[in-house]
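In my numbering, the protein residues as written are 84 to 152.
A virtual CB, placed ideally from N, CA and C, is assigned to each residue, including glycine.
Note that the structure is predicted; figures quoted are calculated from it, not measured.
In what follows, a structure is listed as structure tokens, so that the remarks can point back to it.
Shown next as structure tokens:
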């Protein structure tokens, strides 16, 4: 895609086209819903001192803790 503006324009036109109606889909389409209980973010750093953060679901929010590299 050439630019971000092209993407935003396409989305705007599709939103206008299907405003107030359900977007049609083939009858054989399905899907899954994934509900995460925890997510780990890992960022590699030099000397193997990586950053690792663990987010865990807690009630209606999330807790964050730092893990060992």
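Quiz item: Alpha carbon to alpha carbon, how far is residue 97 from residue 107?
Solution: 12 Å
Quiz item: When DSSP builds the beta bridges, which residues end up paired with residue 124?
Solution: The partner list for residue 124 (beta bridge, DSSP) reads 136.
Quiz item: In whole angstroms, what separates the C-alpha of residue 100 from that of residue 94?
Solution: 10 Å
Quiz item: Quick one, which of 121, 114, 86 has its alpha-carbon nearest residue 136's?
Solution: With distances taken between Cα atoms, residue 136 lies closest to 121.
Quiz item: So residue 132 and residue 152 are in contact, right, with Cβ under 8 Å, and what is the actual spacing, rounded?
Solution: 5 Å
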